[in-house]
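The structure appears below as structure tokens.
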Amino acid sequence: MSTLKQVMTELKKKGNAQTRKTYARHGMPEDTFGVKIADLKLIAKKIKGNQALACELYETGNYDAMYLAGIVADGSQMTKKQLESWAKTATCATLSEYTVPGVASENPHAQALAMKWIRSKTESIASSGWNTYAGIIATTPDEDLDLEEIKSLLDRVAREVHQAPNKVRYTMNGFVIAVGSYVKPLLKKAKQVAKKVGVVPVDMGDTACKVPQALTYIEKIESAGRVGKKRKTIKC
């Protein structure tokens, strides 16, 4: 299975109506076969390392193919132009909040892109920016992070989160959680901001998904002794 046509045929075969209904409730676009994540991961193993194919898959506009592309692609090999394109053409929140940050956070230009996207007036791109920076925080040693910039972003969350667009509120809240969970020197600051912002209301649509309360989440990580334990990747 090495061509776009072969992979799309396999995706179509694995899709089902019930999964499409579930995806629709979560805001996925109509152009989806409804392939379960477990099946996407099995297909990903077969085409792992095929960077060109991953990029072709994303360009189809089909949700399943775009999600698969994010699993397979090596973000460190992508150009800034490619990453910008992925952010601009993401067709739903799952892609803009997880797939795009998953590859962008692996890139040498991740920090610059994250800051640029955070300033965007486009809700989906701003969301990509906050989650990309959260991904950087989760995977980068504290000594290699720009702690002053992260502090300024925490202050920005404290000032703006309750006036931000719906999905940007969600990713801002997630950013605070990421700082408190992964950056030991900023644990106290993250908890202060989390306490200040309190409950962040986000419309999660026709789903059972809930928005975690940042302070409660961070305190659980702290109690478990897991603050500062970095991840190899934020891809899932």
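For the sequence shown, the positions run 0 to 235 when numbering that gives the first Met the number 0 is used.
Glycine is no exception: its CB is placed at the ideal position from the N, C-alpha and C atoms.
- May I have the straight-line CA-CA distance separating residue 59 from residue 222, to the nearest angstrom? 45 Å
- Query: Nearest-angstrom Cα distance between residue 119 and residue 91?
  - Reply: Pairing residue 119 with residue 91, the inter-Cα distance amounts to about 17 Å.
- Query: Between residue 36 and residue 71, which are expected to be in contact by the criterion C-beta below 8 Å, what is the C-beta distance as a whole number of angstroms?
  - Reply: Residue 36 to residue 71, Cβ: 14 Å. No contact.
- Collapsed DSSP secondary structure at residue 91 in the structure displayed: coil
- Message: Can you give me the C-alpha to C-alpha distance between residue 87 and residue 114, rounded to a whole angstrom?
- Response: The C-alpha of residue 87 lies about 15 Å from the C-alpha of residue 114.
- Query: How do the region 225–235 and the region 192–199 stand: do at least 3 beta-carbon pairs fall below 8 Å, yes or no?
  - Reply: no
- Task: May I have the straight-line CA-CA distance separating residue 166 from residue 142, to the nearest angstrom?
- Result: Going from the Cα of residue 166 to the Cα of residue 142 covers about 30 Å.
- Query: Are residue 100 and residue 134 closer than 7 Å when you measure CB to CB?
  - Reply: yes
- Could you give the C-beta distance for residue 185 and residue 146, rounded to a whole number, given that I count them as a contact under 8 Å? At roughly 6 Å, the Cβ-Cβ gap stays under 8 Å, so residue 185 and residue 146 are in contact.
- Query: Going by the beta-carbon positions, is the gap between residue 103 and residue 82 smaller than 7 Å?
  - Reply: yes
- Straight-line CA distance for residue 149 to residue 177? 11 Å
- Item | Of the residues 20, 10, 201, 23, the one placed nearest residue 162, counting alpha carbons only | Among 20, 10, 201, 23, the Cα nearest to that of residue 162 belongs to 201.
- residue 176, enclosing alpha helix (DSSP H) - first and last residue: 165–181
- Tell me whether the beta-carbon of residue 175 lies closer than 7 Å to the beta-carbon of residue 189. The Cβ atoms of residue 175 and residue 189 sit closer than 7 Å to each other.
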